[in-house]
Structure formats: C-alpha cells, structure tokens
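Below: the structure, in structure tokens.
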Amino acid sequence: MNNVLGNLANRVFAFANKHFEGQISAVDCDEECKAILDEADKSVEEISASYRDYQVKRNTRAIMDLARLGNRFFDERKPWHAIKADRKHVQETLWVCASLLNKISIAFYPIMPKHMQKLRAMMSLAPVHSWEDAFTSTQITVNNVSPLFCKIEDAAIEMELARLHNMAKETDKTDYLPVKPDITYEDFSAMDLRLAKVLEATPVPKTDKLFHLKVDLGFETRELVAGIAQSYKAEDIIGKTVVMLVNLQARKIRGIVSNGMILAAHDELGLHVVLPDGGSPGSPVQ
Numbered sequence: 451m452n453n454v455l456g457n458l459a460n461r462v463f464a465f466a467n468k469h470f471e472g473q474i475s476a477v478d479c480d481e482e483c484k485a486i487l488d489e490a491d492k493s494v495e496e497i498s499a500s501y502r503d504y505q506v507k508r509n510t511r512a513i514m515d516l517a518r519l520g521n522r523f524f525d526e527r528k529p530w531h532a533i534k535a536d537r538k539h540v541q542e543t544l545w546v547c548a549s550l551l552n553k554i555s556i557a558f559y560p561i562m563p564k565h566m567q568k569l570r571a572m573m574s575l576a577p578v579h580s581w582e583d584a585f586t587s588t589q590i591t592v593n594n595v596s597p598l599f600c601k602i603e604d605a606a607i608e609m610e611l612a613r614l615h616n617m618a619k620e621t622d623k624t625d626y627l628p629v630k631p632d633i634t635y636e637d638f639s640a641m642d643l644r645l646a647k648v649l650e651a652t653p654v655p656k657t658d659k660l661f662h663l664k665v666d667l668g669f670e671t672r673e674l675v676a677g678i679a680q681s682y683k684a685e686d687i688i689g690k691t692v693v694m695l696v697n698l699q700a701r702k703i704r705g706i707v708s709n710g711m712i713l714a715a716h717d718e719l720g721l722h723v724v725l726p727d728g729g730s731p732g733s734p735v736q
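For the sequence shown, our numbering gives the first residue as 451, with consecutive numbering after it.
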C-alpha cells in the first residue's frame with residue numbers, strides 16, 4: 451500500500467510543489483492521456499457496481515491496479531526530463547496522475563475512509579463526495595503534504611504481536627476454584643439427585659436474588675428457595691426440568707421452608723441452571 455499508492459501520491463505532489471507551485475490544472479490531453487483516463491473511468495464504474503455485491507477483496511485489487519497504472523504512466527512519461535523542454539507534457543502527466551488519485555480516493559473510501567480523507571485534503575478536495583465526483587474535472591491544489599501511510603518497521607510489528615499475544619493469554623486465564631477434598635463413593639451415593647419440573651417461580655420479597663419455587667418430583671410437589679433470580683426471569687425457568695438434590699435437610703430461608711436444592715454452575719457471567727435434555731420428573735440422576 452505504501453510502496454504503490456503512497457509512492458504515487460508523494461511523487462505527484464512533490465513534483466507539483468516543486469515546478470507548479472502546487473497547482474495541477476485540467477488540460478487538453480493527448481490521446482495517450484485520454485486512453486489512461488478512459489480505462490480508469492471504466493474501472494471505477496466496475497468497482498462501484500462490485501461494492502453492491504460486497505466484492506471488497508476484488509475492489510481492493512482493482513483500486514491498487516489504478517495506483518500501479520499511475521506509477522507506470524509517471525515513469526514512462528519521465529516528467530523530470532520533460533520539464534526542461536515541454537511543460538505542457540508534464541502538466542498532462544500530473545493531471546492524469548492527480549485524476550487517478552481523485553478516483554482512488556473515492557473508490558477506496560468505503561474501505562479506508564480516514565486515509566482517503568487525508569488524501570483528498572492534500573488535494574484540497576471536499577471530504578464529502580459522491581461517485582459522480584470521480585468523473586469530473588477540477589483544479590487541484592496540493593496542500594499540507596505528508597506521507598499517506600506510515601511504514602511499520604518489523605520491530606514494531608513484533609512488539610505489537612507480542613502485546614496481542616499477552617492480551618490473549620490474560621483473556622484465557624480463568625480463576626478456577628480449587629478442587630475440594632475427596633469423598634467416598636458412599637458419600638456421593640448418599641445424595642439423592644432427581645429430575646424436577648418447575649411449576650411456579652415467585653420472587654422472594656425484599657431480595658433480588660431469590661425465587662420461591664414449586665416443583666413437581668413426579669411422586670410429590672415441593673417448595674424450595676433458589677438463588678437464581680439475577681440470572682433468570684421467572685418465565686424463563688417455569689416449565690423447565692432441572693436437577694434437584696431432594697434429600698438435603700430442610701431449612702428456612704426468608705421465612706420459607708426450603709426442601710431441596712437445584713443444581714447450577716457458576717462463572718463470571720452468573721449462574722447456569724443444569725437443564726437436562728430429557729427425562730421425566732422424579733427420575734434419579736446418577
């Protein structure tokens with residue numbers, strides 16, 4: 451990008467500043483110049499149509515081909531030699547190249563708006579434009595020229611890659627809770643886990659964390675308190691089948707006797723109730 455498009459802009463603007471006080475005017479072009487501009491106009495029409503088909507990669511190649519066309523034309527016309535004997539020849543060369551840069555600034559705008567605004571500003575062209583502006587002739591005044599792109603050295607690229615790599619490693623880190631001490635199989639077998647269907651879910655007064663649940667265990671209905679209200683709406687949990695520890699000793703929570711506990715996972719995003727794909731209320735979980 452810098453070696454092709456940035457180079458074209460730098461060559462044209464520097465030459466115009468040195469020999470024409472930054473003024474690039476529309477001139478009557480010879481057949482060679484007209485052929486270049488006709489080719490560029492056709493390319494811009496195709497680029498405009500391709501944007502409607504979201505052909506961004508194709509357009510990037512086509513626009514860079516316009517920049518290569520400009521560099522090749524500049525080299526072949528050798529304005530550094532012609533300036534001594536034929537200033538009109540040089541004016542034609544600069545006008546064609548500046549016209550190409552105008553077309554490029556419009557065609558590349560959807561992909562690189564900030565850089566293309568900068569390019570247009572260096573030609574004293576309005577930042578607001580339409581596709582029709584790519585086909586019109588206007589006086590170009592070179593203004594506040596600076597490199598269109600900044601070349602990034604390999605060392606800077608390596609530093610940025612290292613920074614992104616470290617950020618990715620930090621993002622991947624999860625603070626897992628330590629594993630609890632071992633229990634025996636008998637300890638695990640003592641827990642009676644069953645499927646339960648949630649029939650009702652009512653917010654517990656004076657708290658935003660608790661639901662008062664009524665569940666169907668198949669063989670009976672039970673009531674319990676579950677701290678899932680910050681992660682679920684009542685309508686999202688009613689009708690769902692959950693996993694419940696049914697032989698947990700009952701205890702009173704906010705004045706409600708809670709007979710059991712539903713299982714849920716917890717992470718930085720909140721609670722995630724265990725929701726089996728199948729099974730009927732009362733089915734044991736092993």
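Glycine included, C-beta positions come from ideal geometry on N, C-alpha and C.
What does DSSP give as the partner residue(s) for Gly456 in the beta ladder? For the purposes of this step, residue 456 is taken as residue 6 along the sequence shown, with counting starting at 1. DSSP output for Gly456 lists no bridge partner at all.
Mapping DSSP to helix, strand and coil, what is Phe638? As a position in the sequence shown, residue 638 is number 188, starting the count at 1. Correct three-state label for Phe638: helix.
Between Gly729, Leu725, Leu663 and Arg461, which has its C-alpha nearest Cys547's C-alpha? Counting from 1 along the sequence shown, the entry for residue 547 is found at position 97. For the residues Gly729, Leu725, Leu663 and Arg461, the minimum Cα distance to Cys547 belongs to Arg461.
Inter-stretch contact (C-beta, 8 angstroms, three-pair minimum) for the segment 650 to 666 and the segment 624 to 642: no
So Val693 packs on Val724, CB below 8 angstroms; how close in whole Å? Within the sequence shown, numbered from 1, the residue matching residue 693 stands at position 243. Within the sequence shown, numbered from 1, the residue matching residue 724 stands at position 274. About 5 angstroms; that satisfies the 8 angstroms criterion.
Residue range of the unbroken beta strand (DSSP E) whose run includes Phe661: What you label residue 661 is simply residue 211 of the sequence shown in a count that begins at 1. Run containing Phe661: Phe661 to Asp666, per the beta strand (DSSP E) assignment.
Please state whether DSSP places Lys647 in a helix, a strand or coil. Counting from one through the sequence shown, the residue named residue 647 turns up at place 197. If DSSP states are grouped into helix, strand and coil, Lys647 belongs with the strands.
Are Gly667 and Ile712 touching if we call contact CB-CB under 9 angstroms? What you label residue 667 is simply residue 217 of the sequence shown in a count that begins at 1. What you label residue 712 is simply residue 262 of the sequence shown in a count that begins at 1. It should be noted that the sequence gives Leu, not Gly, for residue 667. No. Outside cutoff.
Taking a contact to mean a Cβ-Cβ separation below 9 angstroms, would you say Ala512 touches Ala557 in this structure? If you number the sequence shown from 1, residue 512 lands on position 62. If you number the sequence shown from 1, residue 557 lands on position 107. Cβ atoms of Ala512 and Ala557: closer than 9 angstroms.
If we count the other Cβ atoms within 10 Å of its Cβ and call it buried at 16 or more, is Gln699 buried or exposed? Here the question's residue 699 lines up with position 249 in the sequence shown. Looking at its Cβ environment, which holds fewer than 16 other Cβ atoms inside 10 Å, Gln699 is exposed.
Please classify Phe669: is it buried, with 16 or more other beta-carbons within 10 angstroms of its beta-carbon, or exposed? The count along the sequence shown starts at 1 and reaches residue 669 at position 219. So Phe669 ends up on the exposed side.
Between the Cα of Met572 and those of Gln589, Trp581 and Ile561, spot the shortest distance and give me the residue it belongs to. Locating residue 572 in the sequence shown gives position 122, counting from the first residue. Looking at the Cα atoms, Gln589 is the closest of the given residues.
When you compare only the Cα positions, how much space is there between Ile706 and Glu610? Taking the sequence shown and counting its residues from 1, the one referred to as residue 706 is at position 256. Taking the sequence shown and counting its residues from 1, the one referred to as residue 610 is at position 160. For Ile706 and Glu610, the distance between alpha carbons rounds to 57 angstroms.
What residue ranges within the segment 509 to 547 form continuous alpha helix (DSSP H) runs of no fewer than 4 residues, ordered along the chain? 529 to 532
Does the pairing of the segment 582 to 598 with the segment 463 to 480 give three or more beta-carbon distances under 8 angstroms? yes
With H, G and I counted as helix, E and B as strand and the rest as coil, what does DSSP make of Gln473? By 1-based counting over the sequence shown, the position of residue 473 is 23. Three-state result, Gln473: strand.
Given a cut-off of 9 angstroms, decide if Phe523 and Thr543 are closer than it, judged by their beta-carbon atoms. The count along the sequence shown starts at 1 and reaches residue 543 at position 93. The count along the sequence shown starts at 1 and reaches residue 523 at position 73. Result yes, Cβ atoms of Thr543 and Phe523 sit closer than 9 angstroms.
Any idea if Cys600 is buried or exposed, counting beta-carbon neighbours within 10 angstroms, 16 or more meaning buried? On the sequence shown, position 150 is the one that residue 600 refers to. By the neighbour-count rule (16 or more Cβ atoms within 10 Å), Cys600 is not buried but exposed.
Go through its chain and collect everything with a Cβ distance to Arg508's Cβ below 7 angstroms, but skip five positions before and after it. In the sequence shown, the residue the question calls residue 508 occupies position 58. Result list for Arg508: Ser500, in chain order.
Between which two residues does the beta strand (DSSP E) holding Asp431 run? Residue 431 lies beyond the stretch modelled for the chain, which goes from 451 to 736, so this question has no answer here.
Span separating the alpha-carbon of Arg701 from that of Glu673: Within the sequence shown, residue 701 is the residue found at index 251, counting from 1. Within the sequence shown, residue 673 is the residue found at index 223, counting from 1. Roughly 11 angstroms separates the two Cα atoms.
Who are the Cβ neighbours of Ala490 in its own chain at under 8 angstroms, not counting the five residues just before and after it? Locating residue 490 in the sequence shown gives position 40, where the first residue counts as 1. Once the five neighbours on either side are set aside, the close Cβ partners of Ala490 are Leu516, Leu519, Ser549, Leu550 and Lys553.
Specify, as a first and last residue, the run of the beta strand (DSSP E) that Ile703 falls within. Translated into the one-based positions of the sequence shown, residue 703 becomes position 253. Arg701 to Ile703 is the extent of the beta strand (DSSP E) around Ile703.
Tell me the DSSP secondary structure of His615 in three-state form. To locate residue 615, count along the sequence shown from 1; it is residue 165. Helix, per DSSP.
Helix, strand or coil: which one does DSSP assign to Arg461? The residue given as residue 461 occupies position 11 in the sequence shown. Residue state, collapsed to three classes: helix.
Does the distance from the C-beta atom of Leu721 to that of Thr691 stay below 9 angstroms? Counting from 1 along the sequence shown, the entry for residue 721 is found at position 271. Counting from 1 along the sequence shown, the entry for residue 691 is found at position 241. For Leu721 and Thr691, no; Cβs fall outside 9 angstroms.
For a test of the three-state rule: what should DSSP assign to Arg570, helix, strand or coil? Against the sequence shown, residue 570 aligns to sequence position 120. Helix.
Report the rounded CA-to-CA distance for Lys619 versus Tyr626, giving the unit in angstroms. Here residue 619 corresponds to residue number 169 of the sequence shown, with the count starting at 1. Here residue 626 corresponds to residue number 176 of the sequence shown, with the count starting at 1. Lys619 and Tyr626: Cα-Cα distance of roughly 15 angstroms.
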